[in-house]
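Working notes, structure below.
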Amino acid sequence: MSGAKNFVMLMRLHCEKVVSKVHGKTYADWVQDENLRDAVCMRLLSLAESIKKYLDVCPTLVETYPDIPWSEIVRFRDKVAHHCAGIDFDLVWQIVETDIPPLSRVIDELLTRENHSL
138 MSGAKNFVML
148 MRLHCEKVVS
158 KVHGKTYADW
168 VQDENLRDAV
178 CMRLLSLAES
188 IKKYLDVCPT
198 LVETYPDIPW
208 SEIVRFRDKV
218 AHHCAGIDFD
228 LVWQIVETDI
238 PPLSRVIDEL
248 LTRENHSL
C-alpha cells in the first residue's frame, strides 16, 4: 500500500470519527461537553496532520480541489497543536458542521482514485 493511500485512509478515518462523535449532538451539547470538544479537536488535529503529509507527496491536491481551504486546514492544525489554550470552540463547531462534509466527499474521491491507481 502506498504512503499516499495510507494518508488518505487516515483522513477518512478521522473524518468518520469526527462525524460519529457529533452525530445527534447540538451546539448546546458541544458547549457543555469538554470531553466531546477535546475528542473532536484531537481528531481534527490528526486529520490536518494527515492532510499536511498527503500534500507533501501530492502537492497538486491544492489545484485539483481548489474549493477546499488546504492551507487554512494546515494552519488550524498548527494552532491546535501549539496553542491549545487559545482554541476557538465556536469556530471548531462551525468547521465540523460546514467544512467537514465537503472535505469528506473530497477524501472519498481521493480514496477511490488511490484504489484505482494500484
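Numbering follows the numbering used here, with no gaps: position 114 of the sequence shown is 251. Don't be surprised by glycine CBs; every beta carbon is placed ideally from N, CA and C. Only a predicted model underlies this, so the values are computations on that prediction, with no experimental measurement involved.
The continuous stretches of alpha helix (DSSP H) do not include Lys162, and DSSP gives it neither H nor E. Contact check between the stretch 176-196 and the stretch 207-218: three or more CB pairs, one atom from each, fall below 8 Å, which counts as touching.
In this structure Phe144 is in contact with Tyr191, their Cβ atoms being roughly 4 Å apart against a cut-off of 8 Å. In the three-state reduction of the DSSP assignment, Ile232 falls in the helix class, which pools H, G and I. Within its own chain, the residues whose Cβ lies closer than 8 Å to the Cβ of Pro239, once the five positions on either side in sequence are excluded, are Asp204 and Ile205, listed in chain order. The alpha-carbon of Val199 is positioned some 7 Å away from that of Trp207. Just measuring C-alpha positions, the residue of Trp167, Ser139, Lys142 and Leu150 sitting nearest Glu234 is Trp167. The C-beta distance from Leu248 to Met146 rounds to 7 Å, short enough to meet the 8 Å contact threshold. Shown here, Ser157 sits in a helix according to DSSP, grouped into three states.
Around the beta-carbon of Val194, fewer than 16 other beta-carbon atoms lie within 10 Å, marking it exposed.
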